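Chains as they are written, first to last, in this note's numbering: chain X, 1 to 128; chain F, 1001 to 1128; chain G, 2001 to 2128; chain S, 3001 to 3128.
The C-beta atom is built at its ideal place from N, Cα and C for all residues, glycine as well.
Because the structure is a prediction, the values reported are computed rather than measured.
The next block holds one structure in the form of structure tokens; read it before the comments.
This is the structure in structure tokens:
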């Protein structure tokens, strides 16, 4: 499946209102507008929301470098929440660090309103 | 805020239909029934959904051991997705590993249909 | 290579004076006696020392469940340093959480003087 | 303690023959020459060796941005081993991603022979 088809199949991202806003070789951006129903108790985005868009950006960035016909699955990821996820628009920028035959390692930075880094992820994706 | 109040304030968890099903000192369970709109392209729960309930279980387990009046924020977490998140009912069991003055380290196992371990998390939470 | 042969080939562990003290299916213990030259600036074991024995315990626990002729390589690990690594004797207890065809996920707890948990690791190992 | 004094107090790094080769605000490089006694069973550097220099580069990068009189301790780190640590000379480049009052988040890339990225770390450091 292509990056676009894979994204379209991720119903959680549709539920959240996320959009696929950039696809290049090894680089994928996912954009999310703030919605109150994606927040935690203090009104910022929930860490699970931030993780969802960052994981998806990583997975699709990995997929963008795989042979046609490949699918991608998350093996594991680690995310640091650097600042409260407050803003109107959040972009998760997934980038491939190293593409291997089986495993691809990616990072994603999540940026609020084009200026504030609010989270960073380091993830391992697997081709299948 | 109490564990129950904090959970009630997490709108993402309400959007997902998650429930707070167990609260003990240092131990919190979050239960989620499968819904198609929480899935990824293959039909299993999205890693972001799994991370959301595991992170919440960790955060609330940490909060359950803090002084009254404390709040909790996720510093970082790492999750391994061990098997496809396929099932009817998922329980994220958050447990405190070490409670410190400022930082509390927790794990969460996510179990499908009372029998299959599908993910495990190691997380750092901060009191504020 | 067997667990014992693999351990014997790890010269860093010999340099540190670490010993392989338990091997069972999916469970390996590595024991290290405190030495001043393995410490950091405050006199506790360096996080790199703690990570070295925990990573080795994870890798060998994974190897213990693989087919004969397999080798093991660390894909990634995350470690939380829970308390200063102060003590006379440290045991890193590696345990397999899930053994897959290609990837095996392990945890390791590092315990000082048989009583104090000073670190915990969550790691991904690969068969080759 | 200064970055230089803190490095000088880390006896593990002396045992490994590592050197502090660059200190700037928020950026610290640690350089290590390959030695056979720092290796694992296949002859590459042990993951524990790689983690030790990366963790130190992260910790000292964090320390370089803290008030005088501060010390630094590793809360946790995650490292992906991207390629076998084969080479003559390894540089761990620690960089601060976000410096907070209590916690500082850092990354470190480990580069072999000035050209090959062999590992990347994402770490949380604490002031004390």
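| Asked | Found |
| --- | --- |
| What is the DSSP secondary structure of residue 49(X), counted as helix, strand or coil? | helix |
| What does residue 32(X) touch in chain F if you count any residue whose Cβ is under 7 Å from its own? | Simply none; closest approach about 11 Å. |
| Of all the CB atoms in chain X, is at least one closer than 9 Å to the CB of residue 3093(S)? | no |
| Are the beta-carbon atoms of residue 3009(S) and residue 2041(G) separated by less than 9 Å? | yes |
| So, is the C-beta of residue 3105(S) closer than 9 Å to a C-beta in chain F? | yes |
| Locate the beta strand (DSSP E) running through residue 2121(G), then write down its first and last residues. | 2116–2127 |
| What separation, rounded to the nearest whole angstrom, lies between the Cα atoms of residue 2116(G) and residue 2055(G)? | 19 Å |
| At which residues does the alpha helix (DSSP H) containing residue 2011(G) begin and terminate? | 2011–2016 |
| Relative to chain F, which residues along the segment 3045–3076 of chain S have a C-beta separation below 9 Å, given in chain order? | 3075 and 3076 |
| Can you name the residues of chain C whose CB is closer than 9 Å to the CB of residue 2021(G)? | The structure shown contains no chain C; its protein chains are X, F, G and S. |
| Closest to residue 1046(F) by C-alpha separation, out of 1058(F), 1002(F), 1032(F) and 1004(F), would be which residue? | 1032(F) |
| For residue 2030(G) versus residue 2084(G), is the C-beta distance shorter than 9 Å? | no |
| Find the residues of chain S that neighbour residue 1078(F), judging by a C-beta separation of less than 8 Å, and give them in chain order. | 3078 |
| Tell me, please, which residues DSSP counts as bridged to residue 2022(G). | 2029(G) |
| Shorter than 9 Å from the beta carbon of residue 1017(F) to some beta carbon of chain X? | no |
| What in chain G is Cβ-close to residue 120(X), meaning under 8 Å? | Under the 8 Å cutoff, chain G gives no residues; its nearest Cβ is about 14 Å from residue 120(X). |
| Quick one: what does DSSP say residue 1102(F) is sitting in, helix, strand or coil? | coil |
| Can you find the residues in the same chain that come closer than 8 Å, C-beta to C-beta, to residue 77(X), ignoring five residues on each side of it along the sequence? | 51, 54, 55, 58, 121, 122, 123 and 124 |
| Check each candidate in 19(X), 36(X), 35(X) and 113(X) and name the one with the smallest Cα separation from residue 28(X). | 19(X) |
| In chain order, what residues of the same chain lie with their CB nearer than 6 Å to the CB of residue 992(F), ignoring the 5 residues before and after it? | Residue 992(F) falls outside the range modelled here, since chain F spans only 1001 to 1128, and no answer is possible. |
| Measuring straight from C-alpha to C-alpha, what distance separates residue 3014(S) and residue 3109(S)? | 21 Å |
| At a CB-CB cut-off below 8 Å, which residues of chain S make contact with residue 2113(G)? | By Cβ distance, chain S contributes nothing, its closest Cβ being about 20 Å from residue 2113(G), past 8 Å. |
| Closest by CA to residue 193(X), which one among 1049(F), 1003(F), 1073(F) and 1105(F)? | The question about residue 193(X) has no answer, for chain X in this structure spans 1 to 128. |
| Closer than 9 Å between beta carbons: that is the criterion. Which residues of the segment 1005–1016 of chain F meet it against chain X? | 1005, 1006, 1007, 1008, 1009, 1010, 1011, 1012, 1013, 1014, 1015 and 1016 |
| Could you check how far apart the C-beta atoms of residue 3103(S) and residue 3126(S) are, in whole angstroms? I think they sit under 8 Å. | 6 Å |
| What residues in its chain sit with their C-beta under 6 Å from that of residue 101(X), if we drop five residues either side in the sequence? | none |
| Give me the Cβ distance between residue 1061(F) and residue 1090(F), rounded to the nearest whole Å; I'm assuming they're in contact under 8 Å. | Not really, about 17 Å apart at Cβ, beyond 8 Å. |
| Counting only beta-carbon separations shorter than 9 Å, does residue 1(X) have a partner in chain G? | no |
| I'd like the span of the beta strand (DSSP E) that includes residue 3077(S), first residue to last. | 3072–3081 |
| Using a Cβ-Cβ distance under 9 Å, would residue 1037(F) count as near chain X? | yes |
| Along chain F, which residues have their Cβ under 8 Å away from the Cβ of residue 2124(G)? | 1080 |
| Am I right that residue 2026(G) and residue 2070(G) are in contact with their C-beta atoms under 8 Å? What's the rounded C-beta distance? | Actually they are not in contact, since the Cβ atoms of residue 2026(G) and residue 2070(G) sit about 14 Å apart, beyond 8 Å. |
| Determine, using beta carbons only, whether residue 3097(S) comes closer than 9 Å to chain X. | yes |
| Just to confirm, is the Cβ distance from residue 1074(F) to residue 82(X) under 9 Å? | no |
| How many Å lie between residue 72(X) and residue 128(X) at the Cα? | 6 Å |
| Looking only at C-alpha atoms, which of 1093(F), 1001(F) and 1006(F) sits nearest to residue 39(X)? | 1006(F) |
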